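Protein chains in written order, with the numbering used here: chain A, 7 to 596; chain B, 8 to 200.
Don't be surprised by glycine CBs; every beta carbon is placed ideally from N, CA and C.
Every value quoted in this text rests on a predicted model; they were computed, and no experiment measured them.
Structure record follows, encoded as structure tokens.
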């Protein structure tokens, strides 16, 4: 098979699809595995597409809704947990419908490569009455994104395009096309866009009709039937499989002879098509990751079908997992070697990371710390063990406040104060309202804002604290000190965490104060191009007394060799010199 | 081996440049007129964790992921990672590994030890092993970051039916022009051994 085109990441292909569909406004918050969609959208001309990083997904969704009402095709992109934040606008945008096509690009993370849970976005489509498309490779990422805008306008609805990590982060061949503009005129229409009870009641009736019309289209009826990308691959009729997304690819490898109903639109599901397919095959199977979404629907129709009887709802599936679960046999072929016990290699703070100093100090002080979402979640791991909780974006500040209040009311005097740690981008995302709660409700928590001048974990995106937009244009930067002051928090200190002595003293002082306080721990991410610490450090063997103090920092560049010597791995060392202050004998220097 | 049907597993430590290697191999496959799928790891593991990337090349590729005993070749940037992922390589498959060792944090902290004689264990396995100090080779070419391209050069020396000009076109397409010269040297170093 000869294919000509481009080798695109699923996320790049979504960006290309949106471009070709004539999208003109895109607003997103970064989150693995969705981030590269918006990064790639930003590469198209600013004259054709306005593009931004919003402070959070709710804002992003509302910007996109506003643009749609104004007549532009618009998109907002987020990871699965981001849709929880954007759920409020989604559920009512489902009622208003659209003017310009409106797409929510949502990337789920089965297997939790970089997430705190495994929620299944298809249920958001079901409960908000919004259609959900699910592509199976990069070409479909492009095609379905274009279809999503067409479906959005044809059926007057927002559309969710759902990816999973294996689709977002796979590269496959794509044929690209030209951009077509679709801008519409704005017309004031309060019965459609002002959702007060009287108008919303009317729109709810419309929503029900719309979803019925969409299901009819999915069953091949009506003028828009061609927009629904479901297909049947009829082969051997002994086994028929209903599947979608990356699971379709696994199914084609494991069951090459089986008949397949490949669903591109996973909500609403096509009852008539499923019934006809089920009647033609002897055994009906659903292969889907996470929850039994399709299976439950088919069972409700009274059709005999199996799915989760074989396939787990934990983590991701794959060809080996599917083969083993269904046939009960291990993968074909012999391995080059058996599995052996190799030391685990969890992610770590990079050499030169400013967070290392923060968590070394917090670990030493043995304070209770509520953590948040970002690189600094790693502060929970060896050797720091410095976090007591990580739940969701912004939760560190509000959870610390809740813990503090519970301790006060329970008479728990084991700790002075609970500390919250939160990154600058996460603080902008949803930490601000939590901090308002602390100040307003007479809390006393100490909040450490880890200001590393970038959104780190997702691979360096701009945020409102930085003074630069997604296209690196200069803009205003949020002044964290003034912001805290405006909330009524007067104790705000700015400290460089690499000055560990001062940082430690500041944390001690603030956790003993009888009022809320904020410590801004300021030092840029070591991976930024602007950060250059110079040459790696060295350990003077003559001076080293092998006390192991330097090792307590948990730096990947400091190694203890088999013969008990402490050394610096020059290929890893960032030259940050944090370890220099750890050595009691002054053995570490440049 | 050739591009008619080949599964390549790339393993290493987050930050070592495995993603560029997969992009390069994927680009070469595309230029050779083949179907190709690449599965990458982004996000948290890129912070010094164990990372694995799959490149599947053939006339028609379905799943982007390589499962146990499905890889024809494993390109390894680090010895312990080669040991960890060895069950994903077919018996008799080719293992191209750099001899670089990076201690996992569990080893740095003395909780456990780095696998003893990792290279010997690999050589005694069912893999056909080609080991080299790719870090040193890359440094000799002008950048420690070119380890990925050195290893791809070694792989290229084993692939039949793909001429050198095509590899160079693929390389040009994936590396920034100002680093092309270093990477070209690195590729040739791997290719010529």
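Bounding residues of the alpha helix (DSSP H) (the contiguous stretch that carries residue i)
i                      : result
residue 30 of chain B  : 25-38
residue 372 of chain A : From DSSP, residue 372 of chain A is part of no alpha helix (DSSP H); its letter is neither H nor E.
residue 174 of chain A : 171-174
residue 114 of chain B : 112-115
residue 255 of chain A : 251-260
residue 196 of chain A : 196-199
residue 681 of chain A : The question about residue 681 of chain A has no answer here: the residues shown for chain A are numbered 7 through 596.
residue 534 of chain A : Per DSSP, residue 534 of chain A belongs to no alpha helix (DSSP H) and is neither H nor E.
residue 175 of chain B : 171-181
residue 197 of chain B : 187-199
Cβ separation of residue i and residue j, assumed to be a contact under 8 Å, to the nearest whole Å
i                      : j                      : result
residue 164 of chain A : residue 100 of chain A : 6 Å
residue 119 of chain B : residue 349 of chain A : 5 Å
residue 396 of chain A : residue 513 of chain A : The Cβ separation is near 19 Å, so there is no contact.
residue 185 of chain A : residue 28 of chain A  : 6 Å
residue 452 of chain A : residue 525 of chain A : 7 Å
residue 183 of chain A : residue 53 of chain A  : 20 Å between Cβ atoms; not a contact.
residue 198 of chain B : residue 164 of chain B : 5 Å
residue 23 of chain A  : residue 148 of chain A : 4 Å
Opening and closing residue of the beta strand (DSSP E) in which residue i lies
i                      : result
residue 382 of chain A : First-last for residue 382 of chain A: undefined, no H or E at that position.
residue 572 of chain A : 572-574
residue 524 of chain A : 523-528
residue 333 of chain A : Looking at the DSSP string, residue 333 of chain A is not in any beta strand (DSSP E); the run it does join, the alpha helix (DSSP H), is 325-333.
residue 271 of chain A : 271-273
residue 411 of chain A : No beta strand (DSSP E) contains residue 411 of chain A, which is instead part of the alpha helix (DSSP H) from 401-416.
residue 566 of chain A : 564-566
residue 423 of chain A : That residue, residue 423 of chain A, is in no beta strand (DSSP E); it is neither H nor E in DSSP.
residue 13 of chain A  : 12-15
Residue i CB to nearest heavy atom of the ligand ATP below 8 Å
i                      : result
residue 228 of chain A : No copy of the ligand ATP appears in this structure; indeed no ligand is present at all.
Strand pairing of residue i, partner residues [DSSP]
i                      : result
residue 50 of chain A  : Note: residue 50 of chain A sits in no beta bridge, so no partner.
residue 457 of chain A : A/528
residue 56 of chain A  : A/31
residue 246 of chain A : A/265, A/290
residue 239 of chain A : A/266
residue 215 of chain B : As displayed, chain B neither begins before 8 nor continues past 200, which places residue 215 of chain B out of reach and without an answer.
residue 446 of chain A : Residue 446 of chain A pairs with nothing; no bridge assigned.
residue 43 of chain A  : According to DSSP, which records beta bridges pairwise, residue 43 of chain A is partnered with nothing at all.
residue 451 of chain A : According to DSSP, residue 451 of chain A bridges with nothing at all.
residue 431 of chain A : In the DSSP output, where bridge partners are listed per residue, residue 431 of chain A has none listed.
residue 597 of chain A : Only positions 7 to 596 of chain A appear in this structure, which leaves residue 597 of chain A out of reach.
residue 474 of chain A : A/480
residue 594 of chain A : A/545
residue 166 of chain A : A/110, A/138
residue 395 of chain A : A/376
residue 341 of chain A : B/97
| query | Are at least three pairs of beta-carbons, each pair with one atom in the stretch 104-112 of chain B and one in the stretch 562-575 of chain A, less than 8 Å apart? | reply | yes
| task | Run through the stretch 74-152 of chain A for me and flag every whole alpha helix (DSSP H) of 4 or more residues, listed as ranges in chain order. | result | Whole alpha helix (DSSP H) segments, 4+ residues: 86-91, 93-102, 128-134.
| message | What ranges does the alpha helix (DSSP H) occupy inside the stretch 295-321 of chain A, keeping only unbroken runs of at least 4 residues that lie completely in it? | response | 299-306
| query | Taking only runs of the alpha helix (DSSP H) that begin and end inside the stretch 34-105 of chain B, which ones reach a length of at least 4 residues, in chain order? | reply | 86-92
| query | Is there contact here, the stretch 458-469 of chain A with the stretch 416-425 of chain A, by at least three beta-carbon pairs under 8 Å? | reply | no
| field | Contact between the stretch 50-62 of chain A and the stretch 124-144 of chain A (3+ Cβ pairs under 8 Å) | value | Short answer: they don't touch.
| query | Using 8 Å as the threshold, is the stretch 182-192 of chain A in touch with the stretch 74-82 of chain A, meaning 3 or more CB pairs across them? | reply | yes
| Three-pair Cβ contact test at 8 Å for the stretch 586-593 of chain A versus the stretch 145-159 of chain B | no
| Stretch-stretch touch, CB-based, cutoff 8 Å, three pairs: the stretch 297-315 of chain A with the stretch 218-232 of chain A | Touching, no.
| said: Any contact between the stretch 152-163 of chain A and the stretch 52-69 of chain B? By contact I mean 3 or more CB pairs, one from each, below 8 Å. | reply: Because the criterion of three Cβ pairs below 8 Å is not met, the stretch 152-163 of chain A and the stretch 52-69 of chain B do not touch.
| Any contact of the stretch 308-315 of chain A with the stretch 335-347 of chain A, i.e. 3+ C-beta pairs under 8 Å? | Using a C-beta cut-off of 8 Å, the stretch 308-315 of chain A makes no contact with the stretch 335-347 of chain A, since fewer than three inter-stretch Cβ pairs fall below that distance.
| said: Would the stretch 103-113 of chain A count as touching the stretch 148-158 of chain A if we require 3 or more Cβ pairs under 8 Å? | reply: yes
| Do three or more CB pairs link the stretch 236-249 of chain A to the stretch 274-284 of chain A at distances below 8 Å? | yes
| query | Would you call the stretch 531-538 of chain A and the stretch 86-94 of chain B in contact, with 3 or more CB pairs under 8 Å? | reply | no
| message | Quick check: the stretch 572-582 of chain A against the stretch 357-375 of chain A, are at least 3 beta-carbon pairs closer than 8 Å? | response | yes
| If you pair each beta-carbon of the stretch 437-444 of chain A with each one of the stretch 404-411 of chain A, do three or more pairs fall below 8 Å? | Touching, yes.
| query | Is there contact between the stretch 60-79 of chain B and the stretch 470-482 of chain A, where contact requires at least three CB pairs shorter than 8 Å? | reply | Because the criterion of three Cβ pairs below 8 Å is not met, the stretch 60-79 of chain B and the stretch 470-482 of chain A do not touch.
| task | Note down, one range per segment and in chain order, each alpha helix (DSSP H) of at least 4 residues found wholly within the stretch 482-528 of chain A. | result | Runs found: 486-493, 506-518.
| request: Decide if the stretch 171-181 of chain B is in contact with the stretch 138-152 of chain B; the criterion is three or more beta carbon pairs, one per stretch, under 8 Å apart. | output: no
| request: Please specify which runs of the beta strand (DSSP E), each continuous and at least 3 residues long, are wholly inside the stretch 111-157 of chain B, giving them in chain order. | output: The stretch 111-157 of chain B is shown to contain whole beta strand (DSSP E) runs of 3 or more residues at 135-139, in chain order.
| request: May I ask you to verify whether the stretch 89-105 of chain B touches the stretch 127-140 of chain B, counting CB pairs closer than 8 Å and requiring at least 3? | output: Verdict: yes, contact present.
| query | Are the stretch 313-329 of chain A and the stretch 486-503 of chain A touching by the rule of at least three beta carbon pairs closer than 8 Å? | reply | no
| Do the stretch 108-127 of chain A and the stretch 231-239 of chain A make contact, defined as three or more Cβ pairs closer than 8 Å? | By the Cβ rule, the stretch 108-127 of chain A does not count as touching the stretch 231-239 of chain A, because fewer than three pairs are nearer than 8 Å.
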